[in-house]
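Structure first, commentary second.
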Amino acid sequence: MPNESSPSARGGNLLGLRYTWAIFTALFVQVFAVGAVDHVSFAAARALLIAAYVALIAALAVDARRPAVLLVLIGATLNFLAIAANGGTMPFDPSIFGVDPATVPHGHGFLTASKDAIVARGDAHLGFLGDTMSLPGRVHLVFSIGDLVAATGLLVMATEVIRGLTATMPSSASNKSPAMVTPTIE
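Residues in the sequence shown are numbered from 10 upward in steps of one, following our numbering.
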């Protein structure tokens, strides 16, 4: 009998989420909206991004009783609030890299291949929820508090999946072939 955390007890779903398809669809739409911004109207891309976040939050809310999913939900909600408050774009101030915002190439308000829009410090609504942090060094990767909370939830979720998989593995004693079992003499 599989334990509650095993994939077979969850209907073969490693993550144990009820609307995995909706989550992946929402993530795909987000990627599409960001990637298609040069090929569709800016307003359409922003609307798609907001709609994708609404779908993602709704799908995650169904399984929010799990602490890991709740963390991902909180992170996604924080990102959604920043994006919705800024008209469908995540505020980003390139001055965190010591770069003048006027010198950063961007099209239609988005940074190239990003959901981020260049917004001068202080001009963003809920700017503290925007992409305000970066990795040290030469890697120009920006992230938000919502990204950190969601990543923590994903890390916890990955740990749950690994624990569930190892819990269903046969023990070493039952894994031995009959020829390898040493008979006991009484």
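The beta-carbon is built from N, C-alpha and C at its ideal position, and this holds for glycine as well.
Exercise for the section: Give the single residue among Leu135, Ala64, Glu169 and Leu58 whose Cα lies nearest to the Cα of Ile154. Expected result: Of the listed residues, the one whose Cα sits closest to Ile154 is Leu135.
Problem - Integer Cβ distance of Arg27 from Val71, believed to fall under 8 Å - result: Distance from Arg27 to Val71 at the Cβ level is roughly 5 Å; contact confirmed, criterion being Cβ atoms closer than 8 Å.
Practice task
Counting only the same chain and skipping the five closest in sequence on each side, list residues whose C-beta sits under 6 Å from that of Met142.
Solution key: Once the five neighbours on either side are set aside, the close Cβ partners of Met142 are Phe152.
Exercise for the section: On a CA-only basis, which of Val63, Met166, Val38 and Arg147 is nearest Asn88? Give me that one, please. Expected result: Residue Val63 is the option with its Cα nearest to Asn88.
Practice task
Given a cut-off of 7 Å, decide if Leu79 and Ala73 are closer than it, judged by their beta-carbon atoms.
Solution key: Closer than 7 Å, so yes.
Practice task
Let me know if Ala176 comes out buried or exposed under the rule of 16 or more other beta-carbons within 10 Å of its beta-carbon.
Solution key: Burial call: exposed.
Handout entry: Ala61 to Ala53 span [Cα, whole Å]
Key = Computed Cα separation, rounded: 12 Å.
Practice task
Could you tell me which uninterrupted beta strand (DSSP E) segments, each at least 3 residues in length, are contained entirely in the region 68 to 108, listed from first to last along the chain?
Solution key: You should have 99 to 101.
Practice task
Using only the heavy atoms of the ligand GTP, determine whether one of them is closer than 6 Å to the beta carbon of Val71.
Solution key: Among the ligands in the structure shown, none appear at all, so the ligand GTP cannot be discussed.
Exercise for the section: Determine the DSSP secondary structure at Asp125, reduced to helix, strand or coil. Expected result: Residue state, collapsed to three classes: strand.
Problem - Whole alpha helix (DSSP H) elements within the region 147 to 184, 4-residue minimum - result: Listed in chain order, they are 154 to 176.
Exercise for the section: Identify which residue in Ile83, Gly146, Ala126 and Leu58 has its Cα closest to the Cα of Asp140. Expected result: Looking from the CA of Asp140, the closest CA among Ile83, Gly146, Ala126 and Leu58 belongs to Ala126.
Problem - Ala91 versus Gly173 - alpha carbon distance - result: Take the alpha-carbon of Ala91 and the one of Gly173: they are about 35 Å apart.
Exercise for the section: For the alpha helix (DSSP H) holding Val40, just list the boundary residues, first then last. Expected result: Its alpha helix (DSSP H) spans residues Thr29 to Gly44.
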